[in-house]
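Line order of the protein sequences matches chains A and B. Numbering-wise, the numbering used here comes out as the position in the first sequence, counting from 1, plus 3. Numbering-wise, the numbering used here comes out as the position in the second sequence, counting from 1, plus 25. Worksheet: one structure, shown below.
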Amino acid sequence: MSYDPLLAEIRFGCGLSPVHAPPGSVQDMLERLAGPDHAAELWPIDGPEVLMDRQQSFAALQRQRREAKGDAAQLQRIAKDISALRKAGRAAQLRWFGQSLRRRIGSEDGFRERLAFFWGDHFTAMGRGAALKDGTSPYVEGAIRPHLAGRFADMLKAVTTSPLMLNYLDQASSMGPGSAAAARRKKPGAGLNENLARELMELHTLGAGGPYGQKDVTELAQLLTGFSFTHKQGFVFRTGYAEPGPETVLGRSYGGEDPARLDEVLALLEDLAAHPATAQHLSRKLAVHFVSDTPDLELVEAMAARYRETDGQLLAVYEAMLSHPAAWQGQGNVKPPVDFIGSSLRALAVAELPVDKRKHMERFFVRPLRMMGQTWETPDGPNGWPEEDASWVTPLALAARLQWALAIPGQVTGALPDPRQFLTAALGDRAPESLRFAAGAAEGRREGIALILASPSFQRM
Amino acid sequence: MSAGEMNRRGFLGRGLALGCSAAASPLLSTVTFASAPWDARLVVIILRGGMDGLGVLQPWGDPAFAALRPGMEALRPGSPEGAHDLDGFFALHPAMTPLLPLWRSGELGFVQAVSTPYRDKRSHFDGQDMLEAGTAEMLPRFRDGWLNRMLQQVSGLEGETAYTVGVPEMLLTRGPAHVMHWSPEAKLELTPQAQRLLEMVMHDDPLFRDSLADAVSLAQAREAAPKMQKGAKPPAGHQRLASFAAGKLRGDSRVAAFSLGGWDTHNRQDQTLTPALTRLSEALLTLRADLGPVWERTAVLAMTEFGRTARLNGTKGTDHGTAGTMLFAGGALRGGQVHGRWPGLAEADLYQRRDLMPLSDVRLHAASVMQGLFGLPRDVLEGAVFPGLDMATPSRLVL
């Protein structure tokens, strides 16, 4: 089997749409991805600078609070401003979530949306603290989305220097035990933090089985000291935090100059990105995400080979995946809840989403996603969302999908379509006979639509 | 094919995947079987937010207590609306008045001055992760929880041995051992025709087919729960969690876990602690009522990520602290007493001069309960279940 436009849209895109035609070929898919980001223009999401602005506002209020020195009226006003800022943060997160759904509904370049989610999950980061807490979308928009079709090394560098990641994995305050900063202040808790260094190798590049040990983690953590950020500038390299002396990671020595040099750390990131274990880890993860929990080994090897040959050009790796016959076989993965809801809305051709109505957004999308096991932008940890089908199809999560399919489509569309027509919109000619029969035998439109959305044919991709 | 048949089929499918013997299959045998090699029941309640142990089990017998908690005079035992004296030293918060009969009959007890090994950073998230993971130290990522690791040690477990109840998945029960997950919040409102058609379209995909069968039977079990009396208040969320757990434990299930929130009492603790304690009391009473005779063989452990500061803060609340109190209930445990030693509240006796000093590892008590009730060997509890735990000084919670 090879390229099939319907399967291309279902498996590698955001699902079939009665409005938008699927791409015509692998080449067409890749050209759209390499071209301009129309969805981002049509449905904008703020970039990370909005988080820096927010941090400055919080910092200003905290300063005012210190200066108020017990003035009750002042303190009350400041508390009100802080709470308003928090509320605005949550509202913005909801609006960005709505924009992501709109992109999935309306995009002509569904592969891009899927890749943005995949890489955003690969580099899971959740901000801590009032200002960064709801900032995942701007982080993905700024650090990941521009690099989807570029070199992996560039994405890696953008992520590893992004304030949200430095904040999430405790890098911003990590200082070398022998650094000038550590010598100056004897602050309790100040010192080396290995969190980012470990995840950088285990999750982001080499993979858990990769050829590294604790010594590499510690040395890498020392090399990364100095990676930090400020509210005003974003990323900064604090040479005063940097551990002096060269560090050896995976047998190669980096750094050692005084003052420490940023380009030495970036060279290390390049080397990690170029490592064959990284090629293998990323190729397998892409194949698992898009094709199967147990992907064909030749498919993975073809992708990894392209990765090695092209110095990690992601477009070439995607091409290796999409042009391999194994990518078009099998029953397909179960759609994670975000994909399930997104592709349902796309098949229903939902014209307008209530992105500024908090209560609607929560009832239609936020709470259902939580019941389905995928609370928006809140995975359990830096390893992101699970890939295994079985983790999404539990009785509780399946009941939530069924209830959603019964209750919500009628509320987000003007009028529900005829189930027999909807079957073609949602699955083309790929619906099995039993589903065709069931859609026609349902008691009403509502049940018919729900049956189609709940069917394994639709829930798999 | 009826939902019932499908359900058994799904059940068998999972049983085989777990390596159960065919003799235990419901299709081949009508003999009822326990779903674990023991009969006792364990309920673990995670109290999220950091329960103020000193506010719940109030040490009025300690000379320093009243000064640390100014404004609590109205609660002094003997006052009209005061706390209930338990043993001349401790008194129970008045919001737990409905539990007094359990204390008197030995079905409710406490362990004082307990904590997890988590220290100093006092973050809810990290603290709860440590409590549920059951590890000796903070790790960047936790793969499984101690209740799941306990289940992994027991071979031949059936599909419904353990339940996580409530919408959020819990780290406590996460891991390779199969744990059912359901919430009384979940709804599945299918007409018979819609259900039949759904079963048809899912029939050839075992993952969906089996999950649907389980979901249908779980949702029906909820509907089969006794109807409320007319005019009575509908049960609140915490009562429904407890009721669902009890319903399962009366059957083949042996272990259930759920969470209760609302313990982060930074402000006006005179007001904010009461609702959380009321919910906990009602959840325990619901468990007791709905478990019926099984309550005699049940152990309920209610544990929290950390205690709170010994002193009241500037907004009449308490901040994140270290040692706290574990509450336990059930007929299988030695209640009617406060276990553990008392560290004292004099400033020099406090941990970092601010928190109650931890004197025992909360994991020790959970481990001893599982040793006593389930017969798990000590080396397994000290290794696989609670790595780094030392059970040299056993706790004596189990009767």
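For each residue, glycine too, the CB sits at the ideal point set by N, CA and C.
Open item on the list: I'd like to know if B/E194 contacts chain A, where contact means its C-beta is closer than 9 Å to some C-beta of that chain.
Closed with: With 9 Å as the cut-off, B/E194 counts as an interface residue toward chain A.
TODO: Could you have a look at A/M55 and say whether DSSP puts it in helix, strand or coil?
DONE: Looking at A/M55 - three-state DSSP - the assignment turns out to be helix.
Task: When B/G413, B/P88, B/A392, B/R388 are compared against B/T141, the one with the closest alpha-carbon - done: Minimum Cα-Cα distance from B/T141 among the listed residues B/G413, B/P88, B/A392, B/R388 corresponds to B/R388.
Open item on the list: Using the Cβ count rule (16 or more neighbours within 10 Å means buried), how would you classify B/S54?
Closed with: Legend: pLDDT at B/S54 = 30, less than 50; position of this residue unreliable, no value from coordinates given.
Task: Span separating the alpha-carbon of B/M351 from that of A/E365 - done: Separation of B/M351 and A/E365 (C-alpha to C-alpha, rounded to the nearest whole angstrom) is 36 Å.
Open item on the list: Check whether the stretch 60-72 of chain B and the stretch 97-105 of chain B touch, using three or more Cβ-Cβ pairs below 8 Å as the test.
Closed with: The stretch 97-105 of chain B and the stretch 60-72 of chain B do not touch, with fewer than three beta-carbon pairs separated by less than 8 Å.
TODO: Within 10 angstroms of the Cβ of A/D74, are there 16 or more other Cβ atoms? Answer buried if so, exposed if not.
DONE: Under the 10 Å beta carbon count, A/D74 is surrounded by fewer than 16 other beta carbons and is classified as exposed.
Task: Proximity to A/Q67 [Cα-Cα], best of A/W331, A/M55, A/I85, A/P339 - done: Nearest neighbour of A/Q67 by Cα position, chosen from A/W331, A/M55, A/I85, A/P339, turns out to be A/I85.
TODO: Determine which residues of the stretch 200-226 of chain B have a Cβ less than 8 Å from any Cβ of chain A, and write them out in chain order.
DONE: Hits within the stretch, in order: M205, H206, W207, S208, E210, A211, K212, L213, E214, L215, T216, Q218, A219, L222, L223, M225, V226.
Open item on the list: Taking the straight line between their C-alpha atoms, what separation do you get for B/R333 and B/D295?
Closed with: A direct Cα-to-Cα measurement between B/R333 and B/D295 gives close to 15 Å.
Open item on the list: Does chain B have any CB closer than 9 Å to the CB of A/E197?
Closed with: Contact with chain B is found for A/E197, since one of that chain's Cβ atoms lies less than 9 Å from the residue's Cβ.
Task: Meets three-Cβ-pair contact criterion under 8 Å: the stretch 156-176 of chain A and the stretch 225-240 of chain A - done: With a cut-off of 8 Å on Cβ pairs, the stretch 156-176 of chain A is in contact with the stretch 225-240 of chain A, counting three or more such pairs.
- [ ] Under 8 Å Cβ to Cβ from A/H292, same chain only, skipping five residues before and after it: list those, please.
- [x] Leaving aside the five residues that flank A/H292 on each side, the residues in its chain whose CB is nearer than 8 Å to its CB run, in chain order, F121, N336, E390.
Task: Integer Cβ distance of B/G134 from B/F399, believed to fall under 8 Å - done: Between the beta-carbon of B/G134 and that of B/F399 there is about 20 Å, and that puts the pair past the 8 Å contact cut.
Open item on the list: Contact criterion: CB-CB distance below 9 Å. Does B/P142 meet it with respect to chain A?
Closed with: It does not: the Cβ of B/P142 has no partner Cβ on chain A nearer than 9 Å.
Task: C-beta contact flag for B/F283 and B/G159 at 9 Å - done: B/G159 is positioned such that its CB atom lies no closer than 9 Å to that of B/F283.
Open item on the list: Under 9 Å, Cβ to Cβ, is there at least one residue of chain A near B/P165?
Closed with: For B/P165, the answer is yes, since a Cβ of chain A falls inside 9 Å of its Cβ.
Open item on the list: Using only the alpha-carbon positions, how far apart do A/A161 and B/L243 sit?
Closed with: When rounded, the separation of the alpha-carbon atoms in A/A161 and B/L243 is 47 Å.
Open item on the list: Counting only beta-carbon separations shorter than 9 Å, does A/S5 have a partner in chain B?
Closed with: No, because no Cβ of chain B sits closer than 9 Å to the Cβ of A/S5.
- [ ] Given a cut-off of 9 Å, decide if A/L275 and A/L203 are closer than it, judged by their beta-carbon atoms.
- [x] Cβ atoms of A/L203 and A/L275: closer than 9 Å.
Open item on the list: I'd like to know if B/V423 contacts chain A, where contact means its C-beta is closer than 9 Å to some C-beta of that chain.
Closed with: No - not a single Cβ of chain A is within 9 Å of the one on B/V423.
Task: Closest Cα partner of A/Q283 within the set A/L348, A/K362, A/G315, A/G130 - done: The residue with the shortest Cα to Cα distance from A/Q283 is A/G315.
Open item on the list: In this structure, how does DSSP classify B/Y188 when only helix, strand and coil are distinguished?
Closed with: It is a strand residue.
Open item on the list: Suppose contacts are defined by Cβ-Cβ distances below 9 Å. Is B/G74 in contact with B/A257 by that definition?
Closed with: No, the pair does not count as a contact, with Cβ atoms beyond the cut-off.
TODO: Taking all protein chains shown into account, decide if B/L232 is buried (16 or more other Cβ within 10 angstroms of its Cβ) or exposed.
DONE: B/L232 is buried by the Cβ-count criterion.
Open item on the list: For B/D277 and A/S60, what's the separation of their Cα atoms in angstroms?
Closed with: Approximately 56 Å between the Cα atoms of the pair.
TODO: Compute the Euclidean distance between the alpha carbons of B/T186 and B/P193, then round it to the nearest angstrom.
DONE: Taking the straight line from one Cα to the other gives about 19 Å.
Open item on the list: Let me confirm a value: A/R349 is counted as buried when at least 16 other C-beta atoms fall within 10 Å, else exposed. Which label applies?
Closed with: With a 10 Å radius around the Cβ and a threshold of 16 neighbouring Cβ atoms, A/R349 comes out buried.
- [ ] With a threshold of 16 other CB atoms inside 10 Å of the CB of A/Q424, please say whether the residue is buried or exposed.
- [x] Per the 10 Å Cβ criterion, exposed.
- [ ] Check the Cβ of B/P236 against every Cβ in chain A and list those closer than 7 Å, keeping chain order.
- [x] Looking at the sequence itself, residue 236 of chain B is Ser, so the reference to Pro does not match. Result: V396, T397, P398, L401.
Task: Helix, strand or coil at A/G426 [DSSP, three-state] - done: According to the sequence provided, residue 426 of chain A is Leu. The question's Gly does not apply to it. Correct three-state label for A/L426: helix.
Task: Opening and closing residue of the alpha helix (DSSP H) in which B/V423 lies - done: From DSSP, B/V423 is part of no alpha helix (DSSP H); its letter is neither H nor E.
Task: Neighbour flag for B/E228 against chain A, beta carbons, 9 Å - done: Reading off the sequence shown, one finds His at residue 228 of chain B, where the question assumed Glu. Output row for B/H228: interface = yes.
TODO: Could you check what DSSP says for B/R66 in three-state terms: helix, strand or coil?
DONE: B/R66 falls in the strand class under three-state DSSP.
Task: Under 9 Å from the C-beta of A/P459: neighbouring residues of chain D - done: Although the question refers to chain D, the structure presented lacks it and instead comprises the protein chains A and B.
Open item on the list: What would DSSP say about B/H291, mapped onto helix, strand or coil?
Closed with: B/H291 sits in coil when the DSSP states are folded into three classes, being neither helix nor strand.
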